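Everything below concerns the one structure shown next.
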Amino acid sequence: MFFSGDPVLQRNFLLLLLQTAWIRAPVNGYQECEMELELQQEKIKCIEFLTTVQSVNHSGCNGTWDNVTCWRPAKTGETVTVSCPKIMTNAYRKTGTISKNCTNSGWSNIFPDIHRTCGHTNDDNEENEFYVILKVIYTLGHSTSLIALTTGSAILCLFRKLHCTRNYIHLNLFLSFILRAISVLVKDDILYSSIFYCPNEGQYWVSCKAVLVFFQYFVMANFYWLLVEGLYLHTLLVVTFSYRTHITIYFAIGWGIPTIFTIGWIISRVYLEDIGCWDTNGHRFPWWLIRTPILCSIIVNFLLFIHIVRILLQKLSPPNVRGSDQSQYKRLTKSTLLLIPLFGIHYIVFAVLPIPFSTKVQLFFELGVGSFQGLVVAVLYCFLNKEVQGELKRKWHSMQLNQYLGHNYGLRGTSISRNGSECVSHFHRDSRAQSFLQTETTTA
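Now the structure itself:
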């Protein structure tokens with residue numbers, strides 16, 4: 003037998019698989035708990051199969067389960083060929099066949115070499131390095147985006163003059179990016195960082211499934227808040243609207259629609275594919291239940307993007323203005339470039355357009371470059387915003403003036419006993435300064 007029934011050897015084999023399979027986890031969603039669960043399922047199937055076929059007496063080798071593959075009974079001199087173990091096919095995405103000979107002394111060793119045929123080879127090193135680098139990139143991207151978005155959200159919340167419908171929508175978009183980044187990092191930590199820990203308690207699976215539920219919800223909510231940004235800008239350019247009648251609609255779109263589809267995804271998972279941590283996509287319906295609304299939001303946002311660019315082109319090209327085409331197109335280009343990260347238009351290239359891309363290129367842009375989208379949005383719509391910069395400058399000047407006035411108060415306090423009238427005079431001057439400070443910090 004392959005492992006001679008030794009559970010220690012079986013464990014070592016699993017660890018050998020994980021040494022290379024774990025780095026593909028962001029793509030394949032396959033880790034040790036799934037491996038052990040699948041091994042148990044394959045073992046049960048094998049035992050049931052062998053119970054039926056070994057009821058007939060025969061000479062040769064008995065059927066056996068070698069902890070990885072099921073071998074049917076065979077006559078002496080017969081060669082049995084089977085497909086690569088399912089566990090290795092799922093881990094490495096490789097297909098092939100392996101064989102054993104039934105000899106007078108029993109089963110021979112597996113040939114050809116199972117690791118070379120079904121598992122990791124030296125040819126996979128370059129691909130493995132790509133996945134390692136990709137995981138580092140998107141972890142860095144989500145981490146930096148998380149810091150920038152948290153800082154930007156704090157700024158938009160703390161300054162009252164920045165409280166308006168536009169910034170409320172920006173704030174919810176920031177929040178969706180923050181929650182998406184957190185859910186990605188937590189999901190990776192639970193599913194892939196602790197790959198050598200596979201508990202049998204049901205409580206673990208409940209917690210793990212909850213993480214996947216929030217991950218799916220926050221990803222979809224992020225796409226729909228990108229859609230809300232597009233709807234809001236389109237509404238500003240096309241029609242007038244009332245704050246009170248529309249802000250609730252935006253909230254319903256951004257948070258409500260993802261809630262409905264996520265609940266549907268949970269129900270479909272429970273009834274159609276309640277396996278492990280819900281991180282596999284064996285059944286297509288739950289997968290499309292998440293992907294379809296995201297694709298719809300991308301398509302609608304793309305159509306809004308095209309219409310908004312057309313409107314901007316019309317506004318930047320008045321019939322009475324001539325000789326300024328170059329300046330106008332520069333303004334149009336700048337506006338368009340600002341809209342791309344705001345709407346997430348780059349997703350349309352891989353999601354809808356029939357352009358052939360390699361898997362690596364698509365993964366690099368969707369996972370690697372896409373992880374920095376939150377950082378770009380925070381920079382463009384908060385840190386480079388003129389209103390935000392103006393409020394920060396006023397706050398800085400206010401702090402500097404308060405520090406200066408406080409220093410002067412301290413110096414004058416030491417001379418009160420020597421000159422009371424001077425203190426009164428300074429008090430009136432300081433009161434006027436404080437009045438000026440209040441005026442400076444409360445005007446737009």
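Using my numbering, read the sequence shown as starting at 3 and increasing by one per residue.
The beta-carbon is built from N, C-alpha and C at its ideal position, and this holds for glycine as well.
The structure displayed is predicted, hence computed values, not measured ones.
Query                                                                                                                                                                        : Result
Compute the Euclidean distance between the alpha carbons of G496 and M222, then round it to the nearest angstrom.                                                            : Residue 496 cannot be examined here, being either before or after the span of the chain that is shown, 3 to 446.
Assign I112 to one of three DSSP states: helix, strand, or coil.                                                                                                             : coil
If you reduce the DSSP assignment to three classes, tell me which class W280 lands in.                                                                                       : coil
Using 8 Å as the Cβ pair cut-off and three pairs as the minimum, do the segment 369-378 and the segment 136-154 touch?                                                       : yes
Using 9 Å as the threshold, is the C-beta distance between V82 and N103 below it?                                                                                            : yes
If you follow the beta strand (DSSP E) that K102 is part of, which residue opens it and which one closes it?                                                                 : T99 to T105
Closest to W267 by CA distance: which of G278, I249, T250 and R286 is it?                                                                                                    : R286
Leaving aside the five residues before and after W280 along the sequence, list all residues of the same chain whose C-beta is less than 7 Å from its C-beta, in chain order. : K211, L214 and R271
Check C447 in the structure and name its three-state DSSP category.                                                                                                          : This structure gives no information on residue 447, because the portion of the chain shown stretches from 3 to 446.
Below 8 Å on the Cβ atoms is my contact criterion, and I expect F253 with L291 to pass it. Report the Cβ-Cβ distance as a whole number of Å.                                 : About 23 Å separates the two Cβ atoms, so there is no contact after all.
Per DSSP, which one or two residues make a beta bridge with A76?                                                                                                             : C63
Quick check: what's the CA-CA separation for T97 versus I116?                                                                                                                : 11 Å
Distance, Cα to Cα, I180 vs R312?                                                                                                                                            : 32 Å
Alpha carbons only, please: which of C63, C159, W227 and K88 is nearest the one belonging to I171?                                                                           : W227
Opposite T81 in the DSSP bridges: which residues?                                                                                                                            : N103
Could you give the residue range of the alpha helix (DSSP H) that holds F287?                                                                                                : R286 to K317
Helix, strand or coil: how does DSSP classify G121 here?                                                                                                                     : coil
Give a yes or no on whether the minimum CB-CB distance between N224 and chain C is below 9 Å.                                                                                : Among the chains in the structure shown there is no chain C, since it carries only a single protein chain.
In chain order, what residues of the same chain have a beta carbon less than 7 Å from the beta carbon of T152, not counting five sequence neighbours either side?            : I180
Is the beta carbon of G256 less than 9 Å from the beta carbon of S178?                                                                                                       : yes
With distances taken Cα to Cα, identify the nearest neighbour of F176 among T141, N404 and F225.                                                                             : F225
So the candidates are S61, I347 and H309; which of them puts its Cα closest to the Cα of C298?                                                                               : I347
If you count every other CB in all the chains shown that lies within 10 Å of the CB of M37, and 16 or more means buried, which is it?                                        : buried
Can you list the alpha helix (DSSP H) stretches of 4 or more residues lying completely in the segment 135-221, in chain order?                                               : 167-190
Please name the residue in L382, L233 and L274 whose C-alpha comes closest to that of I310.                                                                                  : L233
Taking the beta carbon of F113 as the centre, do at least 16 other beta carbons fall within 10 Å, making it buried, or is it exposed?                                        : exposed
Roughly how many whole angstroms lie between the Cα atoms of Y406 and V230?                                                                                                  : 45 Å
CB-CB under 7 Å to L235, same chain, minus the five flanking residues each way: which ones, in chain order?                                                                  : I310
Using the beta-carbon count (16 or more within 10 Å), is W73 buried or exposed?                                                                                              : buried
Check whether the Cβ atoms of F50 and I89 sit closer than 9 Å, and answer yes or no.                                                                                         : Contrary to the premise, residue 50 reads as Glu rather than Phe in this sequence. Result no, Cβ atoms of E50 and I89 do not sit closer than 9 Å.
Quick one: Cα of L41 to Cα of F366, how far?                                                                                                                                 : 32 Å
Have a look at P75, Q364 and I342 and flag the residue whose alpha-carbon is nearest the alpha-carbon of F352.                                                               : Q364
Are the CB atoms of F304 and I350 within a distance shorter than 9 Å?                                                                                                        : yes
For V363, which three-state DSSP category applies?                                                                                                                           : helix
What is the residue span of the alpha helix (DSSP H) that T71 lies within?                                                                                                   : Taken as a continuous stretch (DSSP letters only), T71 belongs to no alpha helix (DSSP H), as it is neither H nor E.
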